[in-house]
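Here the numbering used here = 1-based position in the sequence shown + 330.
No residue lacks a Cβ here, since even glycine has one placed at the ideal position from N, Cα and C.
So the structure is just underneath, and the comments pick up after that.
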Amino acid sequence: MGAQESRLCRHAVSCRFCFVVKENEIRTEDRLKSLPGLQCMLADEVPLILHFDVNKTVILSDSISMKGVEDSIREGISELYWGELRTADSKTTWEWVGTGPSIEPPALSGKSAAAGSKCCNYRQYVKTVIKDSADRKKLVRTWELLDNLPVQGEMGRLLEVAMERMELQPGLQDCKDAKAAGVAGRTYNMLPSFFHLVAALQLSGRSFAVLFRSFGADHEKVKNEWNAFCELRHPLFSRLIEEMGPWDGTDPAIPDRRIHSVHTLYRDHEGPMLILDCFTNGPKEASWDSWAKKKPAPEGPPQPQDDTRQGREYVKEVLKAKTVQGF
């Protein structure tokens, strides 16, 4: 991350941690037998240090973009449907190739293949034809450029299924125990597959650790729910580890896996600097993120190359925080 793109990367550190697989009805102890890749890792005995970018991996909401669960699912679906780009009379259009959702583009055949047609997903199409970033973000989520084409119905049905699966059981929606565990509202906060994999790794005896990364303030939600899980207070997922006992350090055989510390990673021309036990985005009146996002006016001078944040001075003189540098 260079000076011109220096955003915050905040880290919530759990002494040991996790990975992600799809949620299904297989019991946790049986899942190990059905994951050949995981079996290979277990046999390797190399400690795992797993880094998670929180948004779209652990949770579907995003505090930076004020994005909710449905917005995230809509964005994800926009990357799963593919079409051909066609240009006529200086206008570019997108025609669905008729395939179902897939992360990989389908192989074109017939005239399309012979003509060397370009295949892209809906999100890529929006990025190609819409230059304004705000409009682009809106159209990726609303699918308005589809103009009620049949694919819009397919995408809508997938959205309904995904939203239904994200809903909590009626008895857990807004209940006291769920709120205490950091799960408020009608949908999951942290994804179910996350907890299943952690339980599977612990059951296997695998040595592992996890680092959460986020540009926003999402760590507090993750910290609350994860710690509730470790302390057997989670109404949904603590059942996965009940037979092992809590992961709070009371059992000598299981380390305290709770999150106790949140740090901030700052970067500038001198390199990275980890600000310990501190969650900061710089001074309120001149945040580090706002500096990184500055763009020159269309006809104005180019953006200055000098780093004007003075982040190291701010950490030393205002925050008076401990740091680790040059790692």
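Query raised in the report: Using the C-alpha atoms, what's the distance from Leu541 back to Gly641?
Result: The residue given as residue 641 occupies position 311 in the sequence shown. The residue given as residue 541 occupies position 211 in the sequence shown. Distance between the alpha carbons of Gly641 and Leu541: 23 Å.
Query raised in the report: Leaving out five residues before and five after Leu606 in sequence, what residues of the same chain have Cβ atoms less than 7 Å from its Cβ?
Result: As a first step, residue 606 must be located in the sequence shown, where it is residue number 276. So the list reads His593, Ala651, Lys652, Thr653, Val654, once near-sequence residues are dropped.
Report task. Can you grab the Cα-Cα spacing for the pair Tyr644 / Ala437, in whole Å? Result -> Within the sequence shown, numbered from 1, the residue matching residue 644 stands at position 314. Within the sequence shown, numbered from 1, the residue matching residue 437 stands at position 107. Cα to Cα, the separation comes out at about 54 Å.
Query raised in the report: Quick one: what's Asn451 bridged to in DSSP?
Result: Residue 451 sits at position 121 when you count from the first residue of the sequence shown. According to DSSP, Asn451 bridges with Trp412.
Query - Under the three-state DSSP convention, the category Arg543 falls into - result: For the purposes of this step, residue 543 is identified with residue 213 of the sequence shown, where counting begins at 1. Strand.
Requested in this report: Kindly indicate which residue of Val427, Gly501, Gln503, Arg416 has the alpha-carbon position closest to the one of Val459.
Outcome: Stepping through the sequence shown from its first residue, residue 459 is reached at position 129. Val459 has its Cα closest to that of Arg416, out of Val427, Gly501, Gln503, Arg416.
**Report entry** the stretch 556 to 574 touching the stretch 404 to 413, judged by at least three CB pairs closer than 8 Å
**Finding:** no
Query - Contact between the stretch 497 to 506 and the stretch 417 to 437 (3+ Cβ pairs under 8 Å) - result: no
**Report entry** Endpoints, the alpha helix (DSSP H) within which Val491 is located
**Finding:** Position 161 of the sequence shown, counted from the first residue, corresponds to residue 491. Where Val491 is concerned, the enclosing alpha helix (DSSP H) stretches over 480 to 496.
Query raised in the report: Taking Cβ to Cβ, would you say Ala492 is nearer than 8 Å to Ile389?
Result: Position 162 of the sequence shown holds residue 492. Position 59 of the sequence shown holds residue 389. Cβ atoms of Ala492 and Ile389: not closer than 8 Å.
Query raised in the report: Considering only the beta carbon of each residue, do Ile283 and Leu489 sit closer than 8 Å?
Result: The requested residue 283 is not part of the displayed model; the chain covers only 331 to 657.
Query - Buried or exposed (CB count within 10 angstroms, at least 16 for buried), Thr638 - result: On the sequence shown, position 308 is the one that residue 638 refers to. Result: exposed.
Query raised in the report: Three or more C-beta pairs closer than 8 Å, one from the stretch 616 to 626 and one from the stretch 558 to 567: is that the case here?
Result: no
Query - Strand pairing of Glu425, partner residues [DSSP] - result: Locating residue 425 in the sequence shown gives position 95, where the first residue counts as 1. Paired residue(s): Glu414.
**Report entry** Asp465 versus Arg495: straight-line alpha-carbon distance, rounded
**Finding:** Against the sequence shown, residue 465 aligns to sequence position 135. Against the sequence shown, residue 495 aligns to sequence position 165. Straight-line Cα distance between these residues: approximately 29 Å.
Query - Test item: CB-CB of Glu409 and Asn451 under 8 Å - result: If you number the sequence shown from 1, residue 409 lands on position 79. If you number the sequence shown from 1, residue 451 lands on position 121. Yes.
Query raised in the report: Is it right to say Glu600 is buried, meaning 16 or more other beta carbons lie within 10 angstroms of its own, or is it exposed?
Result: The residue labelled residue 600 in the question sits at position 270 within the sequence shown. Label assigned to Glu600: exposed.
**Report entry** Endpoints, the alpha helix (DSSP H) within which Arg660 is located
**Finding:** With the chain running from 331 to 657 in the structure shown, residue 660 is simply not present.
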